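Residue numbers (our numbering): 6 to 121.
Okay, here's the thing in structure tokens:
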């Protein structure tokens, strides 16, 4: 089975579940960053679900891998969606398994999100 973006939940629904209140017009919304508490530093593309912190949360990441919760935030998906990707090997990236836990490559996340 290949990765099918149409099977993902709508980004706006995920934001509501996470308690985020994105503002802005069109498909590009602004919200707070849950990682560093920056107000209005996160940009959300509601068409693709891509999330980027303009303060550089992912750009400045020094670890090679991050947790499922952190990766889910950056991809604007639920943790369970990432676990499903890992289980079925259907997502846009594959996690490493370290001590029976999933670890998501920061380099691969940057590639998927188009951050260089």
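For glycine and all other residues, C-beta sits at the position ideal for the given N, C-alpha and C.
Just so it is clear, the structure is predicted and the values come from calculations on it, not from any experiment.
Asked, Found
"Exposed unless 16 or more other CB atoms sit within 10 angstroms - verdict on residue 76", "buried"
"Run of the alpha helix (DSSP H) containing residue 33, from where it starts to where it stops", "Element bounds for residue 33: not the alpha helix (DSSP H) but the beta strand (DSSP E), 33 to 36."
"Pair within 7 Å by beta-carbon distance, residue 36 and residue 51", "no"
"Straight-line gap, residue 107 to residue 97 (C-alpha atoms, nearest Å)", "15 Å"
"The beta strand (DSSP E) enclosing residue 106, as first and last residue numbers", "106 to 110"
"Run of the alpha helix (DSSP H) containing residue 77, from where it starts to where it stops", "73 to 80"
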